[in-house]
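A.B. asks: The following block contains the structure, expressed as structure tokens.
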Amino acid sequence: MLSSFWHTISNNSNNTPDTIPNEGKTLTDLTEDDKYLKDENEIKEIIFNNITITRENSKRYLNEILQKRGMSAVDYDVSTKTNKYNIRFFATGKIKFLNSNQIFEANGMGNSKKEATNDCSFKLLHKILSSENLSKSFREVNEQGIIDIGEVVSIEKDEKLIKDIETYLRIKQIILPELPKYNPKIKISLTSHIILNKHKQDSVKNCIVDQWSLPFAGFNCWNSSVININSIYANKTLDELSTYIGREESLKIPLPIIENARKSLPIYKHKDKIIEKCLKYQVVLIKSSTGSGKSTQVAQYLLSYYINEGRGAEFNCYITQPRRFSAISLAERVSKERYEDIGLSVGYSVRFDSRLPRPFGAICFCTVGTLLKRMEGGLFGVSHIIIDEVHERELNTDFLLIILRELSYKFPNLKIILMSATVDTTLFSNYFYNLEIVSIDDKGYNVEHYFLQDIVQALKYMPEKFEFPHNIKQDNTFWNWNNINPTTGLSPISKIITEHVLENEEIPYEIIKKLIETCAKKEERGSVLVFMPGWNEIQHLIKYLKESKQNTNGLKYHILPLHSLLPIEEQRLVFETPPDGYIKIIVSTNIAESSITVNDVLYVIDTCRVRKKMYTKRYNMSEFVQMWTSKACIYQRRGRVGRVRDGFCFHLCSQEQFDQLPEYSMPEILISPLHSTILAVKVLGLGNSVDFIMKALEPPNKDSIINDEIYLQTICALDEFKELTSLGRKLAQLPISPIMGKTILMSAIFDLVDPMTMIVSHAELQKDIFHLASNNIMLKNSYDKLLGDWQSDHLLPLFIHNYIKKNTKQAFSMQVLCQYININHSTYKMMLSLYTQLTKILQSKCKIPCLNEIINMDNSKKNVRSHVILSLLVGAYYPNIAFMKKKKKFISIDRSSIIPHKYSSIFNKSYLSFSSSPFCVYSEKVMSIFPQCKEISVISPLQLLLFGCKDVLICGENEILLDNHIKIRMDPKFAQLILAIRPCVDELLISVCEKPHMLSYLDFNRYCVKNIVERISTLGYKTNECNDINLLMKYQTNISFPDVETILEQQNFVNGDFYNDIINDDLKVLNNEHNSEKLVQNRYNELINLEHQTTLTNDLCLKSSKIQLYKVNSNPSNIVDNVNRKRKIIENSSSYNDKMFSMIHDYSDNSPIYNKIKNNDLSISNVKILPQLQQNKLLKNNAAKELSKHNFTIPELPMSKNNIDIQNSEVINDNTEKIHYSGFSCKQNL
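In terms of the UniProt record's numbering, the sequence shown opens at residue 1 and continues consecutively.
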């Protein structure tokens, strides 16, 4: 047993907390306030507007209600009373309503200032809401009403845009109703209820609970495939495979150092008992203390048993871990203990990284999400499933437990093992009817632990600028560190300073630094593990330590961050020995809380905080919230030491706080949105999502599931029968929120997948990309340099990426550039990592083409792509809309006052113009004393009209009302036309989901919508160069809309199917006489640029082969009439498919594709040209001439580097080509 860490701290630090003794206080000693409080303490909660208000959240809701009435937050008067060693806090609050002349006062008390003020605010709120008049008034404030924004925003008409939208709608055969003359007594809605197409129900999948089997010969369970005939595991029976595995096992030579280490683990004594129980019972729960060895040993015991029994091939085991890092590190450790390389009898499978083991007699570590994905193909060939750290109760873990329970009913031979150190055994016993519990009480080494008051007392910690409460008498005898209570070992001054630290609700970085310094001074050397709630806090602590003294007792600091999104190579550094003369300091999130052992860790500093994703229905948003963790998690963190030797743990919460913490963390299924889970239920064929999810260990509220289903229906992920659509299946593949996934898929319509994915990657991280502790002037300079003309936090990641990418080519390293512009290098790398993951999924699972690079995203306001991105984000974040009255004052759509976050560009950009537009969109609302909005971008009212609002009414001769909140002065007919474009975009989204290869086509329908949306997105600002309708925006899609009557007379169009009308039938083209060498050169450049985006697919080859290209004279009048053209259905044989596919990859001089291009027989508008093609001059000229006949371009594609100067100099003054496509008059500015 170690001696006490501090000799001044007794071993009684865990005794009953310091409280005020009641014995000496009679009823007559109680004040009137005390009597009132005693009665009112019986009220535990208040229900207001369907919201449950408790003492813990009362201050937040009271301040919010007051702010909606233009009143400031309550100023509490706090006092204390002392009794020898003890302190009691009292708070008084007062509110006066000027309109009613009513005054409300309340008193609160508690063991801390926070408790006292919370108690006071709760009682104030109770008194106010008990007043009938005020309660009714408050409820009316929450009802909808028009936002008073002063001057009504005016939008001028764009006659050309109106005409083009009308033309497009007529082509689509969409007829809008005539608008009657305005009558204030009649409500006239402009909202479009047009449905051009419906999302088709996705194919029904077989239920995965019907798909399981034990291992069988010839099948590899890890990748659900038949074993290759050349494999050593092919063409063998299970008995033969077992013999082979046993023979391989007998060749191993055990090493004493490894075997002795395994035998020293507490779980080793119970090896036989564990094997016996797992063989006898179907479901086993193993509860064993941290560090006992269950994560690494249980599966090995079972595998060895099966091998020794000659049945090794009958054992295949999945072991789930809550995090990627623990899955990989455990697999590597177990493989070493089995004297193998990873990938033989031990492997792992996590997202985008896997080293699968052999097909039989093997263990595979994986994350819960990976196993759920694996289950989509059934669970054949798996004998055992082990769920480790089952106490963490992640959403996916609870979902998996439902599936496993259903499987256990149907398949009694499937073995399920649950493991944890801190699990509620009663809860699981009631859930699994045949559960057998194995409890192992053996503990490892001793761990001394201390709470915050102990630490404050031992360090004699005095915060900077600390002042005693004004009513405390300065008694030097009483307020002395040596005035120690013999029972608790604490002094009154340590008590009041502890309360001061906790009251601030900030992480005490200074205490952490002093603890590290103290640990470095101890004779027994060891590493320090610090638990922080999130990445921002990790970065702040690392920066704080680096800026402070880094040489304690001759030791320097070797600081390592540990976070789930760091590359695995950086995560592995925590296991390495620090350099000589250094003390290793690991700063981690709860990723290190379970399943991993860092042998040299001697000290743990636990902030007792965690960052969790919470869903707020009231604001229809999810946000990461920092909160106190549970006792179970604190025990887990404490268990990171005491594994190979005695250790120390410091908890930065008070003993009183610890006693009030919940035993276990709240299950995510009760507090998180269930959208992704519902989609997973449908993907796995598990039937009715409400019925299935209600089978959970602790089921959520049934209404929550139904509401989430309705939400998925509103975004078209589920159809009217609550079945999966093609959009829903794609959203289920993406590890992000459904609405952001839909936004990415919508961006594909506008060729903006890559920039939108980058923005979503940053949004999903919810981490600050700037170093926030830096100088304000530096921060403002960074915003000015990066944002250019824009006032947008959402576009910032794109501009940062472009800046770094551009300047890294000039021999600057990424890290140096990040430092120069004040960017957090680690956060930037995480964003790139998530962006890469998402683009891989989009390409492989969703079949959405990506460039894997961000192009044409400069920070000029003339860049049309940026405007369209913000339009799409309005649809994603609505109703998170605010109106800017002043630089630091916003009014949200629910009429509450909010302020921009202090690190927003609105706050930090040196030049901020409010003449552009007063509207903005924000990502989330952060509730504090003053509600703040984060991630803000200025938007135009037309972007709000296009993708945001749900209902639009005419409220005047030339005025419209958006969702009964926002009034805009504009022509109602113009607004009606804009609203009619939204269903056209939805129709294209359906096409993208059902036929993603359409994104490679030069589709006239899609380009019409692109053109219109781009033009709408750049209008609507009060003063902006974008209002100049004659100004061609950068990278804009330019199409001249055709003669409608001619088209409607000549052809019968089907909505959303323009491409087939053009591509499937005879196409006769006018070859203009004036195709100069300049035109050829420009077209060749475009041809080269297509390499970045389009690929020659089988489908495209087949359709291209049907295009008839007619050689015509140079006479412009030689236009072949094709009035009676009818649509054809092309059916091709598989042999023709194979022939065309082989042609794709052959670009030699004698290849079919070369000859066809040379002979002008093949259209190559969409051919992916390889570098070999670019070298051939003859091919270059013919290809360019051929492309010039198809006068569509993709302006936003990057230009060839070799020709960029020529292109820039010639495009500006080039003439306009006009080409007739069987009735379409398509104009393209070159």
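Yeah, the Cβ is synthetic: ideal placement off N, Cα and C, and Gly gets one too.
With respect to the beta strand (DSSP E) encompassing F650, which residues constitute its N-terminal and C-terminal limits?
C.D. replies: Working through the sequence shown from its first residue, we reach residue 650 at position 650. Boundaries of the beta strand (DSSP E) around F650: 647-651.
A.B. asks: Would you mind sorting K287 into buried or exposed? The rule is 16 or more other CB atoms within 10 Å of its CB.
C.D. replies: Working through the sequence shown from its first residue, we reach residue 287 at position 287. Buried: at least 16 other Cβ atoms inside 10 Å.
A.B. asks: Grab the span of the beta strand (DSSP E) containing A106 for me, first residue to last.
C.D. replies: One-based indexing of the sequence shown puts residue 106 at position 106. Element bounds for A106: 102-110.
A.B. asks: Hey, how far is the Cα of D398 from the Cα of N1011?
C.D. replies: Here residue 398 refers to the residue found at position 398 of the sequence shown. Here residue 1011 refers to the residue found at position 1011 of the sequence shown. Going by the C-alpha atoms only, they are around 47 Å apart.
A.B. asks: Give the range of the alpha helix (DSSP H) segment to which I990 is assigned.
C.D. replies: Residue mapping note: residue 990 aligns to position 990 of the sequence shown, counting from 1. 972-994 is the extent of the alpha helix (DSSP H) around I990.
A.B. asks: For G377, name the three-state secondary structure that DSSP assigns.
C.D. replies: Residue 377 sits at position 377 when you count from the first residue of the sequence shown. It is helical.
A.B. asks: Would you list the one or two residues that DSSP bridges to H558?
C.D. replies: Taking the sequence shown and counting its residues from 1, the one referred to as residue 558 is at position 558. Paired residue(s): K584.
A.B. asks: Considering only their Cβ atoms, is the gap separating V921 from L752 smaller than 8 Å?
C.D. replies: Looking up residue 752 in the sequence shown gives position 752. Looking up residue 921 in the sequence shown gives position 921. Their beta carbons are not under 8 Å apart, which means L752 does not touch V921 by this criterion.
A.B. asks: Count the other CB atoms, across all protein chains shown, that sit within 10 Å of the CB of H801; report buried if there are 16 or more and exposed otherwise.
C.D. replies: The residue labelled residue 801 in the question sits at position 801 within the sequence shown. So H801 counts as buried.
A.B. asks: Compute the beta-carbon to beta-carbon distance between L953 and G1020, rounded to the nearest angstrom, for a pair I have assumed lies under 8 Å.
C.D. replies: Position 953 of the sequence shown, counting from 1, holds the residue named residue 953. Position 1020 of the sequence shown, counting from 1, holds the residue named residue 1020. That belief does not hold up - the Cβ atoms of L953 and G1020 are roughly 19 Å apart, past 8 Å.
A.B. asks: Thinking C-beta only, is E723 closer than 8 Å to Q201?
C.D. replies: Residue numbering aside, residue 201 sits at position 201 when the sequence shown is read from its first letter. Residue numbering aside, residue 723 sits at position 723 when the sequence shown is read from its first letter. Cβ atoms of Q201 and E723: closer than 8 Å.
A.B. asks: Return yes when the Cβ of C984 is within less than 8 Å of the Cβ of K172, no when it is not.
C.D. replies: As a first step, residue 172 is located in the sequence shown; it is residue number 172 there, counting from the start. As a first step, residue 984 is located in the sequence shown; it is residue number 984 there, counting from the start. Contact: yes.
A.B. asks: Leaving out the 5 sequence neighbours to the left and right, which residues in its chain are closer than 6 Å to E963 when beta-carbon positions are compared?
C.D. replies: Along the sequence shown, one-based indexing puts residue 963 at 963. Going by the sequence as given, residue 963 is Asp instead of Glu. Only C949, K950, D951 meet the Cβ criterion.
A.B. asks: Rounded to whole angstroms, what's the CA-CA distance from L838 to G741? Just pull it up for me.
C.D. replies: Residue 838 sits at position 838 when you count from the first residue of the sequence shown. Residue 741 sits at position 741 when you count from the first residue of the sequence shown. Distance between the alpha carbons of L838 and G741 is about 10 Å.
A.B. asks: Between which two residues does the alpha helix (DSSP H) containing T167 stretch?
C.D. replies: Residue mapping note: residue 167 aligns to position 167 of the sequence shown, counting from 1. Counting along the chain, the alpha helix (DSSP H) containing T167 begins and ends at 159-171.
A.B. asks: First and last residue of the alpha helix (DSSP H) that includes E436?
C.D. replies: Within the sequence shown, the letter at position 436 stands for residue 436. Run containing E436: none in the alpha helix (DSSP H); it sits in the beta strand (DSSP E), 435-440.
A.B. asks: Per DSSP, what kind of secondary structure is L766 in: helix, strand or coil?
C.D. replies: Reading the sequence shown from its first residue, position 766 is the one you call residue 766. According to the sequence as given, residue 766 is Gln; it is not Leu. Reduced to three states, the DSSP call for Q766 is coil.
A.B. asks: What did DSSP end up calling P699 once you bin it into helix, strand or coil?
C.D. replies: Counted from its first residue, the sequence shown places residue 699 at position 699. In the structure shown, P699 sits in coil (DSSP, three-state: anything other than H, G, I, E or B).
A.B. asks: Taking the beta strand (DSSP E) that Y409 belongs to, which residues open and close that run?
C.D. replies: Looking up residue 409 in the sequence shown gives position 409. No beta strand (DSSP E) contains Y409, which is instead part of the alpha helix (DSSP H) from 395-410.
A.B. asks: Using the rule of at least 16 other Cβ atoms within 10 Å of the residue's Cβ for burial, across every protein chain shown, is G108 buried or exposed?
C.D. replies: By 1-based counting over the sequence shown, the position of residue 108 is 108. That one is buried.
A.B. asks: Can you check the region 481-569 for any beta strand (DSSP E) of at least 3 residues that lies completely inside it and give the ranges in chain order?
C.D. replies: 527-531, 555-562
A.B. asks: Which of the three DSSP states, helix, strand or coil, is assigned to V641?
C.D. replies: Walking along the sequence shown from the start, residue 641 turns up at place 641. Note: V641 maps to coil in three-state DSSP.
A.B. asks: Give the straight-line distance between the Cα atoms of K271 and E505, rounded to the nearest whole angstrom.
C.D. replies: Taking the sequence shown and counting its residues from 1, one reaches residue 271 at position 271. Taking the sequence shown and counting its residues from 1, one reaches residue 505 at position 505. Straight-line Cα distance between these residues: approximately 46 Å.
A.B. asks: Once the 5 residues before and after E547 are set aside, which same chain residues still bring their CB inside 7 Å of it?
C.D. replies: Sequence index remark: in the sequence shown, residue 547 carries index 547 (1-based). Contacts found: none.
A.B. asks: Could you check the C-alpha separation between A882 and N63 for me, to the nearest Å?
C.D. replies: Start at 1 with the first residue of the sequence shown, and residue 882 comes out as number 882. Start at 1 with the first residue of the sequence shown, and residue 63 comes out as number 63. Approximately 19 Å, taken between the alpha carbons.
A.B. asks: If you reduce the DSSP assignment to three classes, tell me which class M884 lands in.
C.D. replies: On the sequence shown, position 884 is the one that residue 884 refers to. Residue state, collapsed to three classes: strand.
A.B. asks: Using 8 Å for Cβ pairs, my map puts V438 next to K273. What's the rounded Cβ distance?
C.D. replies: Position 438 of the sequence shown, counting from 1, holds the residue named residue 438. Position 273 of the sequence shown, counting from 1, holds the residue named residue 273. With 8 Å as the limit, V438 and K273 qualify as a contact, their Cβ atoms being about 7 Å apart.
A.B. asks: Assign N1005 to one of three DSSP states: helix, strand, or coil.
C.D. replies: On the sequence shown, position 1005 is the one that residue 1005 refers to. Helix, per DSSP.
A.B. asks: Please classify S844 as buried or exposed, where buried requires at least 16 other C-beta atoms within 10 Å of its C-beta.
C.D. replies: Residue mapping note: residue 844 aligns to position 844 of the sequence shown, counting from 1. Around the beta-carbon of S844, fewer than 16 other beta-carbon atoms lie within 10 Å, marking it exposed.
A.B. asks: DSSP state of F219, grouped into three classes?
C.D. replies: Along the sequence shown, read from residue 1 onward, the residue named residue 219 stands at position 219. Strand at F219.
A.B. asks: Which first and last residues belong to the alpha helix (DSSP H) in which E115 is found?
C.D. replies: Looking up residue 115 in the sequence shown gives position 115. That run of the alpha helix (DSSP H) goes 113-130.
A.B. asks: Is V625 helix, strand or coil by DSSP?
C.D. replies: Numbered from its first residue, the sequence shown carries residue 625 at position 625. Of the three classes helix, strand and coil, the one that applies to V625 here is strand, per DSSP.
A.B. asks: Could you tell me the distance, in whole angstroms, from the CA atom of C818 to the CA atom of N824?
C.D. replies: Locating residue 818 in the sequence shown gives position 818, counting from the first residue. Locating residue 824 in the sequence shown gives position 824, counting from the first residue. Rounded to the nearest angstrom, the two C-alpha atoms are 6 Å apart.
A.B. asks: Can N807 and M778 be called in contact, C-beta distance under 8 Å?
C.D. replies: Taking the first residue of the sequence shown as 1, we reach residue 807 at position 807. Taking the first residue of the sequence shown as 1, we reach residue 778 at position 778. No, these two residues do not count as a Cβ contact at 8 Å.
A.B. asks: Using three-state DSSP, classify S871 as helix, strand or coil.
C.D. replies: Position 871 of the sequence shown, counting from 1, holds the residue named residue 871. If DSSP states are grouped into helix, strand and coil, S871 belongs with the helices.
A.B. asks: With a threshold of 16 other CB atoms inside 10 Å of the CB of F650, please say whether the residue is buried or exposed.
C.D. replies: Translated into the one-based positions of the sequence shown, residue 650 becomes position 650. It counts as buried.
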